[in-house]
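Protein chains in written order, with our numbering: chain C, 2 to 434; chain B, 2 to 434; chain W, 2 to 434; chain F, 2 to 434.
Some notes on the structure that comes next.
Protein chains: 4
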Amino acid sequence: MLHAEDIGVGIARAIRSAVSGRPGGVYLDLPAKLFSQTMEAAAGKRSLIKVVDAAPRQLPATESVQRALALLKTAKRPLILLGKGAAYAQVDADIRALVEKTGIPYLPMSMAKGLLPDNHVQSASAARSYVLAEADVVMLVGARLNWLLSHGKGKTWGQEKGAKQFIQIDIAPTEIDSNVAIAAPLIGDIGSCVSALVAGLGANWAKPPAEWTSAINDRKDKNLTKMSATLALNPSPMSFHSALNVIRNVVKARPDVIVVNEGANTLDFARSIVDMYEPRKRLDVGTWGIMGIGMGFSIGAAVVTGKPVIAIEGDSAFGFSGMEVETICRYNLPVCVIVFNNNGIYRGIDVNPTGGKDVAPTVFVKNARYDKMMEAFGGVGVHATTPEELQKGIDKALASGRPTLINAVIDETAGTESGRITSLNPTSAAKKK
Amino acid sequence: MLHAEDIGVGIARAIRSAVSGRPGGVYLDLPAKLFSQTMEAAAGKRSLIKVVDAAPRQLPATESVQRALALLKTAKRPLILLGKGAAYAQVDADIRALVEKTGIPYLPMSMAKGLLPDNHVQSASAARSYVLAEADVVMLVGARLNWLLSHGKGKTWGQEKGAKQFIQIDIAPTEIDSNVAIAAPLIGDIGSCVSALVAGLGANWAKPPAEWTSAINDRKDKNLTKMSATLALNPSPMSFHSALNVIRNVVKARPDVIVVNEGANTLDFARSIVDMYEPRKRLDVGTWGIMGIGMGFSIGAAVVTGKPVIAIEGDSAFGFSGMEVETICRYNLPVCVIVFNNNGIYRGIDVNPTGGKDVAPTVFVKNARYDKMMEAFGGVGVHATTPEELQKGIDKALASGRPTLINAVIDETAGTESGRITSLNPTSAAKKK
Amino acid sequence: MLHAEDIGVGIARAIRSAVSGRPGGVYLDLPAKLFSQTMEAAAGKRSLIKVVDAAPRQLPATESVQRALALLKTAKRPLILLGKGAAYAQVDADIRALVEKTGIPYLPMSMAKGLLPDNHVQSASAARSYVLAEADVVMLVGARLNWLLSHGKGKTWGQEKGAKQFIQIDIAPTEIDSNVAIAAPLIGDIGSCVSALVAGLGANWAKPPAEWTSAINDRKDKNLTKMSATLALNPSPMSFHSALNVIRNVVKARPDVIVVNEGANTLDFARSIVDMYEPRKRLDVGTWGIMGIGMGFSIGAAVVTGKPVIAIEGDSAFGFSGMEVETICRYNLPVCVIVFNNNGIYRGIDVNPTGGKDVAPTVFVKNARYDKMMEAFGGVGVHATTPEELQKGIDKALASGRPTLINAVIDETAGTESGRITSLNPTSAAKKK
Amino acid sequence: MLHAEDIGVGIARAIRSAVSGRPGGVYLDLPAKLFSQTMEAAAGKRSLIKVVDAAPRQLPATESVQRALALLKTAKRPLILLGKGAAYAQVDADIRALVEKTGIPYLPMSMAKGLLPDNHVQSASAARSYVLAEADVVMLVGARLNWLLSHGKGKTWGQEKGAKQFIQIDIAPTEIDSNVAIAAPLIGDIGSCVSALVAGLGANWAKPPAEWTSAINDRKDKNLTKMSATLALNPSPMSFHSALNVIRNVVKARPDVIVVNEGANTLDFARSIVDMYEPRKRLDVGTWGIMGIGMGFSIGAAVVTGKPVIAIEGDSAFGFSGMEVETICRYNLPVCVIVFNNNGIYRGIDVNPTGGKDVAPTVFVKNARYDKMMEAFGGVGVHATTPEELQKGIDKALASGRPTLINAVIDETAGTESGRITSLNPTSAAKKK
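Here it is in structure tokens:
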């Protein structure tokens, strides 16, 4: 884009790129030479473009819908996997209809949590390993078989028990077969595809075999009971679990709160402990696996929605862009940052392997007071060493809407190297065997 | 792709990328380290992927179809523009139905020629400038408003007479608004979109106003009469027109022949003089505007279809990859290359502007005998200085199926700097005024 | 580098790239696949490389030295410009000999300050504009005519008074003529070139004409007197000048302290106010003009030298990587960060141009307490509103060697848009005229 | 470069980049927007830059020269390796002095051939494998230990007999240690370095031990005798050797002729068979190992020098840009192209491995007559099936100076897959063992 006359076209294309097909961020380059150009006001008006139907419905072909339903009908142990695409599509009633009318157990990916409430009877989250390994037909709804899903292969997917068959709903045909063969691709926008499937179910759609659903429920019961016991513990200093239990309860009471989450252990634990009840209320790093996005996401979510935000931050993750608390204070945003402070990366007790006088490179300043950073810019700082203090801090933040940072002191021996990463490291993986 | 196990996935993705969405070439990188890997035959078989529905139908939304039809209904001077996407879609009957049932005049872009026969009564090719400037509603079918269509703006499009409204059928939503506002986008595969439009026309669809169609026919008659007169001339040496008239008649008699075409004047003239009667029989450089693709296209077309190929080549364009006549001979392909030899780039009479002893950089060896190049590799060389010799050469080539190169001697004073390029050059354009 | 056996070669090449020729940072990529490789200890030892003469002397040709001296001899108004290359070369005695034996006035670029003490009688810093505009022969010593020197052209260089002639000493021949013609290039390492020049001066080298040096001294006296008056003022809140005057005196008393400096006004003012007395004691952003490097430079300088560091930081610049105070505390580094806090970018009084309720995007949280950030991690925080408080804070930091951050409150009306940037903006520049 | 005013600077920098430091091609981008700019003639003249000392001498440090000489003095089996950098430097007398005064055997890399005549008594070319494996100290003069020299490692270099020590003369310090440790780097331009070495030899420099030189001479004698026998054979059709023997004799008689050479077998054989007697008379692909450069090199060499050129071309290599014979004819250049036509890539007898009706992909049209291509454009075509016909063709071409192409028919069973490439292929290399 080199001429002021083209700004209108540039913006129209940026909008279409952002919201049509696979949606996402767009980079629109305005070169410096544009800034000194002038144009007549009338010409400027003419050059603007009214964007018609920026994210058009894209309907799946009937034969694709039939193919998917036919395959689903053969399933003995069906599973629905909801991805963030399913959440982005904003067709929550259709998704719920698909899940409930088929009666098929479902798993939400991280940012699809809350599309149906996490305590939904069909949610298989508490039996995740079991259903991934045992399912025979898996329907991916706006989800991709990338590294977060072990690329659809291997032990996680019970490969030794024979191949699974996949149905994949996606707006981009080039996403199909990206890691394993897709038996029934369904190309179109999620809403059109899902409503076509629901319409095709017919009156006599048979729910999944009881052996399958009751086997899942057994696992769920066992795992949820175990989880409850762990959450009920009240160690001192706090564990990841006892601190997250507080947030779990807050979100249950205030399901409209937006949850931002980043870190290693803090991300892994919060994802499974903090249930979501409304769609698009959970923001995390998704596929990329990077750190540093928590403060930006929090600011963006607060500005766009005006809703309260709770940012659950590992101390290491917070360090990537913690300085942005200044921005939160500057615009007086209703963001409550909770730093899970266990004195280091993964944990705070590592010893310098080279034996020198310096601390281990994974260990932070002991007993840092992140809350003072928020105070430095006029926000509220809270130092919380017990669940009660944490609860009080969050309650006050939600009530006041003021920028708040809670320094949640976690047992420095608590964390572990993030399991997912270890499994990506062939040498470590080999050693384990 | 770093492991032999991934070759199956790689090929599946390459196929989907090539034929789904906007189709096109795909580059699949097989890194050297793959070449020395081995795998069990059984694992190799398992890693292959059966590609299901590689180019799925993508249906347009009903409201998009209605929007397009409603706009088309308002048109006083409607026009249909067929692009190469319309040809790639291989839905020739649907396209013909759309054109004939609406009764709207149409223009084929270069590689859409033959989708309907070029002598179709509704073709507006012979009144191209008129319809582009005068139409009020333009429906783009697999065509883009890129530089070949002056980006949908300016004098070509009669901008001073008020803005036009565009309907655009495309499989990629990001193509919409790429240069001007699109009032009615229609997103889906061409076949699904066009058949939905035809279905929506209803019984009482009103043909375009007679003022519009008869005004077009007046222009066509005038232009075709003028063209006929020019083609009938028989100057010596041959002109572009008298030589192309021979090929025009050959293609009329043998509409199954594949025509490959590249060059500057040779491309411009052949495109308008050599009518096509069957879809996908004409291959040229399309949007890119480059040279050097003629021999590769000819070889590919001959190998894939087994049909005879006539390659209409400017001498300059031929020079980019003329050496490939060896390949044509090696595989004994039924390719007849016709080099339009006018001794130079554009023409053969330019004088060295620096006044040195060397020829102008745009002038080639005088009286080159390209036919000898074909003979060098065992093919048939023909030296043609008259339409009769040219005719005889082509006839013999088509009859024998042998690799043939005809050195068609054209008046060296005949060519001009290619008009399209001049208009892209702001200084030249300014001087013209 | 794909094999463990190549690590030795890789490191050797990295060292040579870092220190030979034009020195600088090197990026050595160790791909993930290296990490799981093993090798025999003996082979590992063999693969190490003893780097011989990593930064070899590169001697200039005699004729180049003669050409430079001959040109210098013709000068009526000679000037020496010392760049950071002159400092990197670590040949301080040679540089001093060149300056003092020729008697030519000199200007140090930012990171060449202290190569000779800034109060040297031949320093022309206090008459910078005058000497750049008036000099007739300029010798660049490890300096480049880039944007920091207006590319050697235009009003700054008194272009209207006739072209200047340049001598350029550089290790890289490709740096010559990079923006204007260089009459006498001198290619080699700075040390070899400068010592060859000094050797070539001979016994009877004539010092520059007295008209030139006394004209410079007149300007210097006038400007230094004006500067002294400004520095002596003690406004409340502090001005950039009154705060920097404190640091100026500290550095005079402790010339071994390393000064790191970044920001806009804070950078511009500190560069001219805080005199340096020892080579390589000042680190700033150099040519790049970016922000965010202050904390990294401070940490690096403290770790490598063990010397105390004073980081003079604009509040905006500090915001780019302020979080790194945690690292400073973690390793208990003797770094004293001084944040020049005037509540905003350039200044703190801008009003939101769109009239909304939000503050201007250039304005920060009012009265931020950056010192609390340091306290959050166990360091010393100081809130300084007067020169006395600032002085006390620095003294204590230098005495204790403890991590310290001084929040230096500056008049929020004090700053201006950075002058250099304005001059790069053609529209602003045009308006000014 | 965006302004016409900068063209002068751009050209000056291009010249410096091309000839200073490591010389080579330069890409100067003139963006389209420059073409329509205008400037005052006077300003244009002012913007031109007189490039002073574009390729300045860069002298080595005395200590580097001493280090190199000291190491050389310890050598029992010294070797000098002359690279193309030694030829580019155009300091032929200095190079000869170094070789002859030290009495050390030398090997020329491909484009260093002729720096000293290839029949020089100290040339070790005919004992190449022996000297590479046996030498203990190797002095690289403008040569790099890249893939052409097996990276200075492995069997070729007799690694099992203990490490060698290297002296490397190069203008770029970053070239040192690029694959193995360099014990004595000597940084500077080749001329300055070599003349400094010669000056440092002193009066009593001891020639290499007689065991070393006589061992080399034994090998040379044996190999040259064998080579003579092979060259003397006169098989029908011609072998590579019998055809190259003709050219070998031509070049001996006319050492001023420029030899261009490309191909696989044609390159490998010609390099060792065709002796060169003058510096910079041989042009080949050097390090890159690509094909397609022969015609461009021939045209460039003929235009720049006005000397006769003999291009020794493999048929496969010629195919990459054979069309350029038109250019040779257009400008009537004294180029004699000799195509070594053995009907295929490597050889002409390969069979299609897939068993189909098509020829093997490595086999060309049988009995192609490349000479007709030259005739097509008015040049002289020669079909040579015997050494006598080949000799006659070349003689006539040299006498007339007319563009000539000789189709030299070589035994189609003669070639082999190029040995160097095989050794780069780990699987093939493994199989060999």
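No residue lacks a Cβ here, since even glycine has one placed at the ideal position from N, Cα and C.
These numbers were taken from a predicted model, which means no experiment stands behind them.
Query	Result
With a Cβ-Cβ cutoff of 8 Å, do residue 146(C) and residue 125(C) count as a contact?	no
Would you kindly work out how many angstroms separate the C-alpha atoms of residue 315(F) and residue 268(F), rounded to a whole number?	7 Å
Under a three-way DSSP split, which group does residue 124(F) fall into?	strand
Is there a Cβ of chain C sitting closer than 8 Å to that of residue 385(W), yes or no?	no
Work out the CA separation of residue 374(B) and residue 186(C) for me, nearest whole Å.	51 Å
So is residue 213(C) buried or exposed if we call it buried at 16+ other beta carbons inside 10 Å?	buried
Determine, using beta carbons only, whether residue 332(C) comes closer than 8 Å to chain W.	yes
Kindly list, in the order they appear in chain B, the residues whose Cβ is closer than 8 Å to that of residue 60(C).	59, 60, 61, 62 and 189
Span of the alpha helix (DSSP H) holding residue 190(F)?	Unbroken run through residue 190(F): none, as it is neither H nor E.
Can you look up residue 278(W) in the DSSP assignment and give me helix, strand or coil?	coil
What does the Cβ neighbour count give for residue 60(W), buried or exposed, with the cut at 16 atoms within 10 Å?	buried
Would you list the one or two residues that DSSP bridges to residue 408(W)?	340(W) and 384(W)
Using a Cβ-Cβ cut-off of less than 7 Å, give me the residues of the stretch 354 to 384 of chain W that come near chain C, in sequence order.	359, 360, 365, 366, 369, 370, 371, 373, 374, 376, 377, 378 and 379
With DSSP run on the structure shown, which of helix, strand or coil describes residue 266(B)?	helix
Terminal residues of the continuous alpha helix (DSSP H) containing residue 365(B)?	Neither: residue 365(B) is in no alpha helix (DSSP H) and is coded neither H nor E.
Output needed for residue 391(B): all residues of its chain with C-beta closer than 7 Å, excluding positions within five of it in sequence on either side, in chain order.	244, 247, 385, 407 and 409
Kindly indicate the opening and closing residues of the alpha helix (DSSP H) around residue 222(C).	211 to 233
With a threshold of 6 Å on Cβ separation, who are the neighbours of residue 16(F) within its own chain once the five nearest residues in sequence on each side are excluded?	52 and 55
Just the chain C side, please: which residues come within less than 9 Å of residue 327(W) by C-beta, in chain order?	320, 323, 365, 366 and 369
Note down the Cα distance separating residue 102(W) from residue 199(W), rounded to an integer number of angstroms.	8 Å
Hey, is residue 174(W)'s beta-carbon within less than 8 Å of any beta-carbon in chain F?	yes
Would you check if the stretch 75 to 88 of chain F and the stretch 38 to 46 of chain F touch, i.e. whether three or more CB-CB distances between them fall below 8 Å?	no
Across which residues does DSSP place residue 138(C) in a beta bridge pair?	79(C) and 166(C)
What is the rounded straight-line gap between the Cα of residue 365(W) and the Cα of residue 327(C)?	8 Å
Could you tell me whether the Cβ of residue 50(F) comes closer than 8 Å to any Cβ of chain W?	yes
Report yes if the C-beta distance between residue 188(F) and residue 210(W) is below 8 Å; otherwise report no.	no
Could you have a look at residue 174(F) and say whether DSSP puts it in helix, strand or coil?	helix
Among 367(W), 5(W) and 63(W), whose alpha-carbon lies nearest the alpha-carbon of residue 41(W)?	5(W)
What is the DSSP secondary structure of residue 283(W), reduced to helix, strand or coil?	strand
Is the CB-CB distance between residue 143(C) and residue 119(C) below 8 Å?	no
Could you work out which residues of chain B lie near residue 22(C), taking near to mean beta carbons separated by less than 8 Å?	173, 174 and 175
Tell me, to the nearest whole angstrom, how far the beta carbon of residue 76(W) is from that of residue 20(W); I am working on the premise that it is less than 8 Å.	That pair is no contact at about 34 Å.
Could you tell me which of 32(W), 284(W), 307(W) and 129(W) sits nearest to residue 222(W), measuring between CA atoms?	129(W)
Verify the CB distance criterion: does residue 147(W) have a CB-CB separation below 8 Å to chain F?	no
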